[in-house]
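First up is the structure itself, then whatever we jot down about it.
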Amino acid sequence: MKSIIRHPPLTPDEITRYARHIVIPGVGLEGQQRLKAASVLIVGTGGLGSPIALYLAAAGVGRIGLADYDLVDVSNLQRQVLHDTPHVGKPKVESARERLLAINPNVQVDCYPVPFTSINAEAISAPYQYLVDGTDNFPTRYLLNDLAVLTKRPYIYGSIYQFEGQVAVFHADQGACYRCLFPQPPPPNSIPSCAMGGVFGVLPGTIGTLQATEVIKLILGVGRSLASQLLLYNALDLSFQTIEIPKNPACPVCGDHPTIHHLIDYDAFCGTPAIGASSTTLPAENILSPSELAKKMQQTTPLCLLDVRLPGEGFIAKLPGSINIPLEELPHRMGELDSSIPTVVYCRMGIRSSRAVLLLKDAGFNQVWSLAGGINAWAEEVDSHLPRY
1 MKSIIRHPPL TPDEITRYAR HIVIPGVGLE GQQRLKAASV LIVGTGGLGS
51 PIALYLAAAG VGRIGLADYD LVDVSNLQRQ VLHDTPHVGK PKVESARERL
101 LAINPNVQVD CYPVPFTSIN AEAISAPYQY LVDGTDNFPT RYLLNDLAVL
151 TKRPYIYGSI YQFEGQVAVF HADQGACYRC LFPQPPPPNS IPSCAMGGVF
201 GVLPGTIGTL QATEVIKLIL GVGRSLASQL LLYNALDLSF QTIEIPKNPA
251 CPVCGDHPTI HHLIDYDAFC GTPAIGASST TLPAENILSP SELAKKMQQT
301 TPLCLLDVRL PGEGFIAKLP GSINIPLEEL PHRMGELDSS IPTVVYCRMG
351 IRSSRAVLLL KDAGFNQVWS LAGGINAWAE EVDSHLPRY
């Protein structure tokens, strides 16, 4: 005999709250009960995580987990609509929880204010049916994909950069996974992050809302999901394109002969520093603290300040008298620099500048340093009037 799945009943308040859902033939009372019984883990409560969490809570998803170890920063508020100015400096998950419960006090919101890593990913995700990526970084993307495949759960993917975005649903039991499309993470520093390249403020709203749409469709069992499909969106011409993703028999995690059987962290592959680790592999003699740089700048000895960020980042904050050569242009523009002059390289956080120092050392620059923590550390420790981003 086929078992009958009993979903939790709705209270009178919930029936009133979700009335516009309940009257839709594709949802109805049973569908709304399915939403109440569902559980979703959102990793990242920033630009993508904001609309995802807001719409899932408003829709009545019964249990929502939020994993994010970051604090709300004023630079987030241009696109991370889950947070507001009074919450600057507070943990994002706590800020998010307050907002979600203010929208819908009937949902359960669990907070995980810790880095999401291979060590704790299984334990944190265990209570949830659906895994959603709200972080938009490669280490988490590969970690969530592998976790979803190994635990046989759907992974709802989103990605944003400048004016473009992508959405997909990866469920290895029904088709392709993310590794079927991209088997290995990209080389370190090969692809700029949103912080480096920027992101159109409303773009995360569009992509995050589409991710939330896919989650709700999966819970309700309605429509056709983006399983094994990649949706491409361009905000400049408002165009959408869908590409079919075939399942790859040679996929290292979901293929016929998988080689990945356990979770690992991908920070080293993607050029993102591990949590709590230094952002550079440079020897100590090639690293300069903000206070040490401040002392050097007060001396009369010639000093070259090399900014390896994208040109647009200089409009936000820069060190006086610095030369701007973006990291990707440095290999063929080294002739513009004098190797006999001591050179201090800086970027936003110290990651790109570390790579630049290695390139310069290989080219014969003997007096070259990376500014530890980048211009954000300089703004925090030396010049508090300089904006951080």
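Going by my numbering, the first residue of the sequence shown is number 1, and it counts up by one from there. Beta carbons are placed, not taken as given, at the ideal position from N, Cα and C, and that holds for glycine.
Exposed unless 16 or more other CB atoms sit within 10 angstroms - verdict on residue i
i	result
R391	The displayed coordinates of the chain run from 1 to 389. Any statement about residue 391 would go beyond what the structure contains.
H261	exposed
G46	buried
H257	exposed
A356	buried
T280	Reliability of the predicted coordinates at T280 is poor, the pLDDT of 46 falling under 50, and the value obtained from them is presented with this limitation in mind. The residue is buried, with at least 16 neighbouring Cβ atoms inside 10 Å.
P385	The question names Pro, but residue 385 is His in the sequence shown. Exposed, by the Cβ-count rule.
P51	buried
F182	exposed
T272	Caution is warranted here: a pLDDT of 45 is assigned to T272, below 50, making its placement in the model unreliable, and no coordinate value can be reported.
V338	A small fix is needed here, since residue 338 is Asp in this sequence, not Val. Exposed, since its Cβ has fewer than 16 Cβ neighbours within 10 Å.
D173	exposed
G62	buried
G276	With a pLDDT of only 39 at G276, under the threshold of 50, the placement of this residue in the model should not be trusted; the figure read from the coordinates follows. Looking at its Cβ environment, which holds fewer than 16 other Cβ atoms inside 10 Å, G276 is exposed.
V23	exposed
K2	With a pLDDT of 44 at K2, under the threshold of 50, the modelled position of this residue cannot be trusted; read the value that follows with caution. Its Cβ having fewer than 16 others within 10 Å, K2 is exposed.
V202	exposed
G208	buried
P283	exposed
Q184	exposed
L48	buried
T135	buried
D146	buried
Span separating the alpha-carbon of residue i from that of residue j
i	j	result
L306	V344	6 Å
N234	L226	17 Å
G205	V74	18 Å
C270	Y130	Because the pLDDT at C270 is just 47, under 50, the model does not fix this residue reliably, and the point stays unresolved.
D133	C304	41 Å
P311	R348	12 Å
I64	A53	8 Å
I216	E380	42 Å
L230	A168	5 Å
A212	E122	22 Å
N76	H83	8 Å
F365	E329	17 Å
S125	T140	13 Å
F240	E313	29 Å
E285	W369	8 Å
R20	G60	12 Å
L29	A250	43 Å
L263	P320	45 Å
L238	E164	10 Å
Y157	Y178	9 Å
G373	Y18	48 Å
L150	I119	15 Å
Residue i - partner residues in DSSP beta bridges
i	result
A227	V169
Q174	For Q174, which the question treats as bridged, DSSP gives no partner whatsoever.
E244	Q229
T343	C304 and V368
Q162	V199
I42	L66 and V132
Y142	Answer is none; Y142 lacks a bridge partner.
N324	D307
Inter-residue CB distance, residue i and residue j (contact presumed, cutoff 8 Å)
i	j	result
Y389	I316	5 Å
S39	Y128	4 Å
P290	I341	Contact doesn't hold; Cβ gap of about 20 Å is too wide.
K36	P12	Between P12 and K36 the Cβ distance is about 14 Å, and since that is not below 8 Å, they are no contact.
L71	P91	6 Å
I103	A57	5 Å
V93	P113	5 Å
L371	L293	6 Å
heavy atom of the ligand PLP below 7 Å from residue i C-beta
i	result
G374	What this structure holds is no ligand at all, so the ligand PLP is not there to describe.
**Asked** Curious, which full-length beta strand (DSSP E) runs of at least 3 residues does the segment 52-127 contain?
**Response** 63-67 and 108-112
**Asked** At what residue ranges does the segment 3-32 contain a whole run of the alpha helix (DSSP H), taking only runs of 4 or more?
**Response** 12-17 and 19-22
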